[in-house]
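Visitor:
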Amino acid sequence: MGSTEQNPSQRNQTALVEFILLGFSDIPNLQGFLFGLFLVIYVIILIGNSLILIITKTDPSLQTPMYFFLGNFSFLEICYVSVTIPRLLADLCRHTRSISFLACAMQMYVFLVLGLTECFILTAMAYDRYVAICRPLLYPLVMSNKVCIQLAGGCWVSGIPVHIGFTYCIFSLPFCGRNQLHHFFCDIPAVLTLVCGDTFFIEMLIHVIALLVVTIPFLLILGSYVKIISTILKLPTTTGHAKAFSTCSSHLMVVALFFGSGIITYLRPKSIQSTETDKFISLFYTIVTPMFNPMIYCLRNKDVMVALKKFLLKCFFCDSKLMTL
11 MGSTEQNPSQ RNQTALVEFI LLGFSDIPNL QGFLFGLFLV IYVIILIGNS
61 LILIITKTDP SLQTPMYFFL GNFSFLEICY VSVTIPRLLA DLCRHTRSIS
111 FLACAMQMYV FLVLGLTECF ILTAMAYDRY VAICRPLLYP LVMSNKVCIQ
161 LAGGCWVSGI PVHIGFTYCI FSLPFCGRNQ LHHFFCDIPA VLTLVCGDTF
211 FIEMLIHVIA LLVVTIPFLL ILGSYVKIIS TILKLPTTTG HAKAFSTCSS
261 HLMVVALFFG SGIITYLRPK SIQSTETDKF ISLFYTIVTP MFNPMIYCLR
311 NKDVMVALKK FLLKCFFCDS KLMTL
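Quick note: the sequence shown uses the working numbering, first residue 11, plus one each step.
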């Protein structure tokens with residue numbers, strides 16, 4: 011984007027105009043295949059999470075706090091993947107993959123806000139399971155409809171003010187020289203590689219925020235499940251064990267996938283980071299995990315499976331009835 015004759019200020023201005031998302035341009039022969047693959051994954055994510063969202067809102071048997079949070083989580087997943095995948099699909103179809111400085115900042119900001127929301131909603135879901143299994147007599151009082159709405163609302167809005175300042179700090183850093191992002195979206199590690207100057211402060215800030223909004227919620231979830239498992243093992247019957255484990259195992263699998271890949275990405279030492287590794291790992295928490303979440307919750311939860319079958323049968327019956335008219 012700039013010649014070697016430009017002075018530092020000129021290079022800085024050029025870099026501030028736009029970035030180039032290289033994405034998967036290093037494998038040009040697979041662009042069509044990748045487009046088809048990511049499009050199918052995106053459709054699966056949209057359909058799977060939309061179905062869960064619909065049945066948790068309409069099925070009377072799923073009008074409980076656990077499924078209230080699951081509905082919020084499914085809607086969040088739809089928003090979360092829509093920040094990155096549509097842009098990725100568009101870039102796979104064109105040669106010009108530029109993204110303006112402002113658009114890059116906005117993509118990072120929305121992605122971080124939704125990522126923090128996911129951390130908190132997964133924590134709220136763990137708290138719900140903890141109260142249901144470890145404090146069953148207090149469950150109707152502790153997890154009332156009002157409390158659930160307040161918890162969900164707090165999860166959705168808490169990241170908005172935090173990441174305004176954080177994103178501003180990142181994009182206030184001096185950018186100069188190369189403006190090519192070796193990534194398919196504006197993620198923090200990729201953007202920081204283009205910063206010229208000392209990034210020690212922002213790296214420490216990343217670790218502090220990651221500790222507060224990723225590591226601490228993850229430890230709270232683990233602590234909740236230690237108590238949950240110890241309580242389950244005290245249940246008198248193996249039937250009680252199986253039922254309690256079935257409601258918790260799916261949540262634990264989602265937590266492991268999401269938090270594991272997120273912690274590896276944002277808390278790894280800079281000395282062992284690489285652009286290709288970051289891009290590969292980010293596929294897990296941006297695309298792979300949201301794709302598997304509906305499958306995990308449906309296949310491992312009998313109540314969701316029953317409600318889903320009822321909904322699909324109702325839709326099929328209505329369609330058949332309309333065709334005969």
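Backbone N, C-alpha and C define an ideal beta-carbon position, used for all residues, glycine too.
1. State the start and end residues of the unbroken alpha helix (DSSP H) segment that holds I180.
2. Please classify Q117: does DSSP put it in a helix, a strand, or coil?
3. In whole angstroms, what is the alpha-carbon distance linking V157 and A142?
4. Whole alpha helix (DSSP H) runs in the stretch 208-255 with 4 or more residues, listed along the chain?
5. What residue from P70, D197, P304 and F290 has the CA that sits closest to F85's CA?
6. Just to confirm my understanding: we take G58, look at its own chain, exclude 5 residues before and 5 after, and list those with CB closer than 6 Å. What are they?
7. With a CB to CB cut of under 8 Å and the five nearest residues on each side skipped, what residues in its chain are close to F321?
8. Using a Cβ-Cβ cut-off of 6 Å (strictly less than) and excluding sequence neighbours within five positions of I109, which residues of its own chain qualify?
9. Residues in the same chain with beta-carbon distance under 7 Å from D138, minus the five sequence neighbours each way, listed in chain order, please.
10. Should S182 go down as buried or exposed, given a rule of 16 or more other Cβ atoms within 10 Å for buried?
11. Please state the DSSP three-state secondary structure of F34.
12. What first and last residue would you give for the alpha helix (DSSP H) that runs through S60?
13. Within 10 angstroms of its Cβ, does L323 collect 16 or more other Cβ (buried), or is it exposed?
14. In or out: Q117 buried (at least 16 other Cβ within 10 Å) or exposed?
15. Would you call the stretch 209-224 and the stretch 234-241 in contact, with 3 or more CB pairs under 8 Å?
16. Helix, strand or coil: which one does DSSP assign to L148?
17. Taking C-alpha atoms, which residue in V27, I54 and F48 lies nearest to F302?
18. CB-CB under 8 Å to V224, same chain, minus the five flanking residues each way: which ones, in chain order?
19. Go through its chain and collect everything with a Cβ distance to G163's Cβ below 8 Å, but skip five positions before and after it.
20. Can you give me the start and stop residues for the beta strand (DSSP E) that S154 sits inside?
21. Among residues of its own chain, excluding the 5 on either side of V50, which ones have a beta-carbon nearer than 7 Å to its beta-carbon?
22. Given P227, which residues of its chain have a CB within under 6 Å of its CB, disregarding the five upstream and five downstream residues?
23. Given a threshold of 16 other Cβ atoms within 10 Å of its Cβ, counted over all protein chains shown, does F176 qualify as buried or as exposed?
24. Go ahead and pull the three-state DSSP assignment for F195.
25. For a test of the three-state rule: what should DSSP assign to V205, helix, strand or coil?
26. Just to confirm the assignment, what range does the alpha helix (DSSP H) spanning S92 have?
27. Nearest by alpha-carbon distance to F195: which of P150, R188, T285 and H173 is it?
28. Can you tell me where the beta strand (DSSP E) with S284 in it begins and where it stops?
29. Using beta-carbon positions only, say whether V91 and I297 come within less than 8 Å of one another.
30. What's the C-alpha gap between A200 and L40?
31. Quick check: what's the CA-CA separation for V314 versus I131?
32. Might you give, ordered along the chain, the residues of its own chain that have their beta carbon closer than 6 Å to the beta carbon of T299, omitting 5 neighbours on each side?
33. Do you know how far the Cα of L222 is from the Cα of L229?
Guide: Per the coordinate set shown:
1. G169 to F181
2. If DSSP states are grouped into helix, strand and coil, Q117 belongs with the helices.
3. 14 Å
4. 210-220 and 226-243
5. Of the candidates P70, D197, P304 and F290, the one whose C-alpha sits nearest the C-alpha of F85 is P304.
6. P304
7. L61, I64, I65, T68 and D69
8. F29 and L31
9. P75, M76, F79 and M153
10. exposed
11. If DSSP states are grouped into helix, strand and coil, F34 belongs with coil.
12. Q41 to T68
13. exposed
14. buried
15. no
16. helix
17. I54
18. Once the five neighbours on either side are set aside, the close Cβ partners of V224 are C129, F269, G272, I273, Y276 and L277.
19. none
20. Per DSSP, S154 belongs to no beta strand (DSSP E) and is neither H nor E.
21. none
22. C129 and T133
23. Burial call: buried.
24. coil
25. strand
26. Start and end: P75 to S92.
27. Selection P150, R188, T285 and H173 evaluated against F195 yields T285 as nearest (Cα-Cα).
28. No beta strand (DSSP E) holds S284; DSSP gives it neither H nor E.
29. yes
30. Their backbone Cα atoms lie some 22 Å apart in a straight line.
31. Those two C-alpha atoms are separated by around 19 Å.
32. L267 and F268
33. 11 Å
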